[in-house]
Amino acid sequence: SGAAKKCRISRDDVFLGRILGEGFFGEVHDGVYKSPTGERIRVAVKTCKDCSADVKDKFLSEADLMKNLNHPHIVHLIGVIETDPVWIVMELYEHGELGNYLVEQQYNLSTAMLTLYCLQICKALAYLEGLNMVHRDIAVRNVLVASPECVKLGDFGLSRYIDEQEYYKAMKHIIISVFVEVFSTAQQPFFWLENGQVINQLESGVRLPKPQSCPPILYSLLTRCWAYEPHGRPNFSQLVCSLRYSAAPSTHPLEV
Ligand code: ATP
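Take 283 as the starting number for the sequence shown in UniProt numbering and just add one per residue.
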């Protein structure tokens with residue numbers, strides 16, 4: 283397709299650096315990409331260990347989805363190299379995963395900043411909502427920190443386009459984890475329960491307690507997201523509005 287061609291880049295323009303971490307399909311490296319205009323851009327390069335056609339298709343499906351996304355709080359895809367060894371080249375966010383960042387910076391991050399991260403994640407999700415896309419793996423380990431004032435939602439490996447009916451079913455419980463993780467220094471929600479128990483507890487009406495540092499106004503917003511009936515929950519655009527209000531724009535000169 284035309285979109286696919288647009289994203290194809292030449293391996294000669296990518297300079298591979300050190301290993302950043304281990305992805306599901308293979309190592310992720312940092313590197314530099316020389317753009318057609320000669321600009322040098324720092325990048326993260328996802329590689330794929332297994333070069334069988336099946337695995338490669340799965341690996342590249344994430345990039346296929348990302349090609350159509352363009353949002354200030356979503357990881358930006360630069361291009362793909364579809365010949366072996368296949369590579370996915372993305373913009374580099376040098377502060378790494380939000381989960382780790384929350385732990386490292388726990389004594390430096392204000393409530394206003396944490397609320398700003400939630401707002402930015404919500405903006406990304408409202409954008410996906412407009413495209414009928416569900417992310418299906420929202421967690422602070424899948425959010426990258428571009429700068430201390432800017433986070434980007436990534437890891438679209440499980441994302442799907444779905445119809446409206448399905449959308450409401452899929453929305454169940456998703457937002458609980460990110461917000462609570464952001465205000466609990468990246469601790470996993472319900473870490474005190476076995477996996478199988480979580481659904482039972484939710485079904486019986488149990489909800490997560492308010493993390494200590496979470497402002498009450500934000501927690502009351504969260505409890506609305508946990509309404510048992512999906513139609514009783516706010517959508518992401520409504521959440522963005524409410525969060526903007528509780529994030530008091532005057533404290534965030536960078537937020538527009
Ligand atoms: P999984 O599905 O297990 O999460 P994955 O294949 O999606 O794996 P990632 O978790 O996205 O791989 O990446 C592996 C490592 O590379 C992570 O530690 C992540 O922080 C880092 N990384 C990935 N993309 C970027 C990026 N654009 N900028 C900076 N670091 C990145």
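From the three backbone atoms N, C-alpha and C, an ideal C-beta is built for every residue, glycine too.
Practice item. Would you check if the distance between the CB atom of I356 and the CB atom of A406 is smaller than 8 Å? Key: Contact: yes.
Review point. Is V310 near the ligand MG, going by C-beta to nearest heavy atom under 7 Å?
Key: Although the ligand MG was asked about, the structure shown includes only the ligand ATP as ligands.
**Study point:** DSSP three-state assignment for V538, whether helix, strand or coil
**Key:** With a pLDDT of 41 at V538, under the threshold of 50, the predicted position of this residue should be treated as unreliable, and no value is reported.
Practice item. Could you tell me if Q483 is buried or exposed, where buried requires 16 or more neighbouring beta carbons within 10 angstroms of its beta carbon? Key: exposed
Review point. Would the segment 331-341 and the segment 359-379 be scored as touching if the rule is three or more Cβ pairs under 8 Å?
Key: Output reads yes: the segment 359-379 touches the segment 331-341.
Point to revise | Where R423 falls: helix, strand or coil (DSSP) | key: helix
Practice item. Would you identify the three-state DSSP class for F306, choosing helix, strand or coil? Key: In the three-state scheme derived from DSSP, where H, G and I count as helix and E and B as strand, F306 is classed as coil.
Check your understanding: Opposite D346 in the DSSP bridges: which residues?
Key -> Beta-bridge annotation (DSSP): D346 is not paired with any residue.
Point to revise | Coarse secondary structure for A468, derived from DSSP in three states | key: A468 falls in the coil class under three-state DSSP.
Practice item. Sort F518, E511 and D312 by Cα distance to E376 and report the nearest one. Key: D312
Review point. To which residues of the same chain is V299 closer than 8 Å at the C-beta, ignoring the five residues directly before and after it?
Key: Reading off the sequence, residue 299 comes out as Gly, not Val. Around G299: H311, D312, G313 and V314.
Check your understanding: How long is the line joining the alpha carbons of L359 and L351, rounded to whole angstroms?
Key -> Those two C-alpha atoms are separated by around 8 Å.
Review point. Closest to C432 by CA distance: which of E463, L391 and E411 is it?
Key: L391
Point to revise | Where C330 sits in the DSSP three-state scheme | key: coil
Review point. What alpha helix (DSSP H) runs, 4 residues minimum, are completely inside the segment 382-431?
Key: 393-412
Practice item. Kindly identify the DSSP beta-bridge partner or partners of E379. Key: L426
Check your understanding: Assuming V427 and G378 make a contact with CB atoms under 8 Å, what is their CB distance in whole Å?
Key -> 6 Å
Check your understanding: Per DSSP, V480 is paired with what?
Key -> None; V480 has no bridge partner.
Practice item. With DSSP as the reference, label R515 as helix, strand or coil. Key: coil
Check your understanding: Can R489 and W474 be called in contact, C-beta distance under 8 Å?
Key -> no
**Study point:** Alpha-carbon to alpha-carbon, A326 and G305
**Key:** Annotation: G305 to A326 spans about 11 Å, alpha carbon to alpha carbon.
Review point. How long is the line joining the alpha carbons of S486 and C289, rounded to whole angstroms?
Key: About 47 Å.
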